[in-house]
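Here is the structure we will look at, set down as structure tokens.
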Ligand code: SF4
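Chains as they are written, first to last, in the UniProt record's numbering: chain W, 1 to 419; chain L, 1 to 253.
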């Protein structure tokens, strides 16, 4: 191993890949039945970057050479940066050796487009194939599909990878036209459709024949960049995500707050802050759509084009729908309990199972992990104390904000003393 | 009057103690791990001798009234070794035998609640260890790791690492509790090692493979490269990787 050279490549190609946020390694169940190396089951975050994001995969580009010129991308053709390229074998060695030391759950491999879509895609597939067949590697592999690659290559990719993603990059077609004029949204959507059909088809096959090969068992995901243009409000973003969940059966849509890396008059200025709160609200909203039974138009609509930044989308929905509250914790069905601010999935389920034994009062509810300081405004239970049914939404918001503020102030000194 | 039951610290021993509680209709009991030394300190004291025919009966009784995961939870709570864990397990078991129906989800009961808390703590630490183990490759091909978890989770790690690293020899050593688990390509065994002679830890470092340094260096570099400086969030970082784990994390040393 030529350590110096590999180090330099790794620095360049990890640095260029870090803006891709799809790092999750869950959703697959690849067992180690061949006495080989690794398994892919429940995603494990092996480390966390100093910005607090999870590190579970070796996330790199095969190369940052690119024939395209997307405005938001560091690897764009017109950007004057150091270029590098890994060989197939180098990526394989890094993956195996990192995996054996328990640094990672697997590989996330993406690439700038060199020569053309198929040549690039073919190289990505080669890496995955080598890992699976030569090294009996059962760890997680996520390949980023290159828009415009042939169906044949996509099919092969699906046989080796756990997850495939085609990044939409911009949530809307107009946004893409503006910032990535070389790219065509059709080239992204076509492979998504192909993969959806293939995944459904293969899953049925697998039901019939246990031995049928797995095909992208963790499904497909995509990523959209948030805040690179002003034309895309949260409504546009969430409607687009919802459409892709429904139509293409995507497992995840990732929202990536735009990090200003280039001066370009189509983009926010270089000193613009990364829209981290907005990104976080989008994930919360996404969560509500996927797991909490919210419809997209309950979260964003013509009256609510942007998510609130000061409160989370569930609280925001509750305050706009005071007429459905208070909810009786001892009677309401799970779906309704899930809609109460301060009650998460786990505590909602616990409420439903525990109330079979006892009528729940505040004491019980607190013990079950409910954030009572929020939930108290929206529920009743087997107790007469502190019911506040006649408060307006605005007042409740003030109370909750005031409390979280004072909590923040109270915590601050000892958090600082940590360093 | 409180009776103190001294048992050997194993789960089987604990269940044997439970048997005695019922056998002698004891009301108030205290469970203590270890050997009987100074009997004068206690009023009423009983040495429990772990006995299969006794704990077997308790186990059977429990199995009738609990699900498999309920049983597992009791074991894990006990494994935690936390001060009140045994008392919680005992309280839980008593509640199980008193009740007509399955009580596993009655979180209104303090013992059920406490066991669930203990299990949660254990699972969290187990999960953290699955993430934070860092193997180093030795010349003889062994992948070696040292950890210092808050709780005794090593036994809970066996399945995960055995399934994952089926084709490499590995060892995980708990420095705090002074024992390890070792996989020899066939099975996992518990083992003890003595580092006090000055040869242990130092020798291990001398016997790294040639490329071990290289991969550690690459991993550290990778860790730096993926950071996005403009998003720095130290509070979040530390919440995810508490500082007490850092000294065994290659990327944080
Ligand atoms: S095609 Fe991909 S790598 Fe190339 S400039 Fe566009 S986003 Fe960047």
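Backbone N, C-alpha and C fix where the C-beta goes; we use that ideal spot for every residue, glycine too.
Being a predicted model, the structure only gives us computed values, none of them experimental.
CB of residue i within 7 Å of CB of residue j, strictly
i                     : j                     : result
residue 32 (chain L)  : residue 3 (chain L)   : no
residue 374 (chain W) : residue 342 (chain W) : yes
residue 74 (chain W)  : residue 16 (chain W)  : yes
residue 149 (chain W) : residue 192 (chain W) : no
residue 223 (chain L) : residue 251 (chain L) : yes
residue 313 (chain W) : residue 237 (chain W) : no
residue 257 (chain L) : residue 125 (chain L) : Residue 257 (chain L) falls outside the range modelled here, since chain L spans only 1 to 253, and no answer is possible.
residue 99 (chain W)  : residue 36 (chain W)  : no
residue 221 (chain W) : residue 140 (chain W) : no
residue 154 (chain W) : residue 108 (chain W) : no
residue 86 (chain W)  : residue 62 (chain W)  : yes
residue 127 (chain W) : residue 145 (chain W) : no
residue 79 (chain W)  : residue 112 (chain W) : no
residue 266 (chain W) : residue 138 (chain W) : no
residue 212 (chain L) : residue 175 (chain L) : no
residue 151 (chain L) : residue 122 (chain L) : yes
residue 32 (chain W)  : residue 131 (chain L) : no
residue 190 (chain L) : residue 170 (chain L) : no
Neighbourhood of residue i by C-beta distance below 7 Å, restricted to the same chain and skipping five residues each side
i                     : result
residue 238 (chain L) : none
residue 86 (chain L)  : 14, 31, 78
residue 215 (chain W) : 158, 159, 198, 199, 202
residue 257 (chain W) : 226, 227, 274, 275, 276, 278, 279
residue 327 (chain W) : 336, 337, 340, 378, 379
residue 71 (chain L)  : 62, 63
residue 132 (chain W) : 160
Beta-carbon proximity list for residue i, same chain, < 8 Å, skipping 5 on both sides
i                     : result
residue 67 (chain L)  : 102, 104
residue 262 (chain L) : Residue 262 (chain L) lies beyond the residue range present for chain L, which begins at 1 and ends at 253; the question has no answer from this structure.
residue 27 (chain W)  : 43, 162, 163, 217, 218, 219, 251
residue 350 (chain W) : 368, 369
residue 10 (chain W)  : 60, 94
residue 66 (chain W)  : 73, 75, 76, 77, 112, 113, 114
residue 91 (chain W)  : 60, 62, 107, 109, 127
Any C-beta of chain L under 7 Å from that of residue i
i                     : result
residue 95 (chain W)  : no
residue 357 (chain W) : yes
residue 364 (chain W) : yes
residue 35 (chain W)  : yes
residue 46 (chain W)  : yes
residue 72 (chain W)  : no
residue 330 (chain W) : no
Counterpart residues of residue i in DSSP-defined beta bridges
i                     : result
residue 255 (chain L) : This structure cannot speak to residue 255 (chain L), because chain L is shown only from 1 to 253.
residue 163 (chain W) : W:142
residue 1 (chain W)   : None, per the DSSP bridge assignment.
residue 181 (chain L) : L:172, L:190
residue 208 (chain W) : Residue 208 (chain W) is not bridged to any residue.
residue 6 (chain L)   : L:32, L:47
residue 223 (chain W) : W:254
residue 47 (chain W)  : W:55
residue 250 (chain L) : For residue 250 (chain L), which the question treats as bridged, DSSP gives no partner whatsoever.
residue 137 (chain W) : W:37
C-beta neighbour in chain W for residue i, strict 7 Å
i                     : result
residue 128 (chain L) : no
residue 52 (chain L)  : no
residue 237 (chain L) : yes
residue 140 (chain L) : no
residue 199 (chain L) : Because residue 199 (chain L) carries a pLDDT of 49, less than 50, the predicted location of this residue cannot be relied on, and no value is offered for it.
residue 215 (chain L) : yes
residue 227 (chain L) : yes
residue 246 (chain L) : no
residue 180 (chain L) : no
residue 251 (chain L) : yes
residue 260 (chain L) : Look at the range of chain L in this structure, 1 to 253, and you will see that residue 260 (chain L) is not part of it.
residue 114 (chain L) : no
residue 108 (chain L) : yes
residue 68 (chain L)  : no
residue 232 (chain L) : yes
Neighbourhood of residue i by C-beta, 6 Å cutoff - its chain only, sequence neighbours within 5 removed
i                     : result
residue 55 (chain L)  : 12, 15, 16
residue 173 (chain L) : 146, 180
residue 76 (chain W)  : 69, 70
residue 305 (chain W) : 233, 235
residue 188 (chain L) : 158, 162, 181
Partners in chain A for residue i, counting only beta-carbon separations shorter than 9 Å
i                     : result
residue 403 (chain W) : Note that chain A does not occur in the displayed structure, where the protein chains are W and L.
Complete runs of the beta strand (DSSP E) confined to the region 118-175 of chain L [at least 3 residues]: 143-147, 170-174
Please list the segments of the beta strand (DSSP E) lying wholly inside the region 305-392 of chain W, counting only runs of 3 or more residues, in order along the chain. Entirely contained in the region 305-392 of chain W, not one beta strand (DSSP E) run reaches 3 residues.
Can you list, in chain order, the stretches of the alpha helix (DSSP H) that have 4 or more residues and sit fully within the region 76-122 of chain W? 88-100
Can you give, in chain order, each stretch of the beta strand (DSSP E) that sits fully within the region 38-103 of chain L and has at least 3 residues? 44-47
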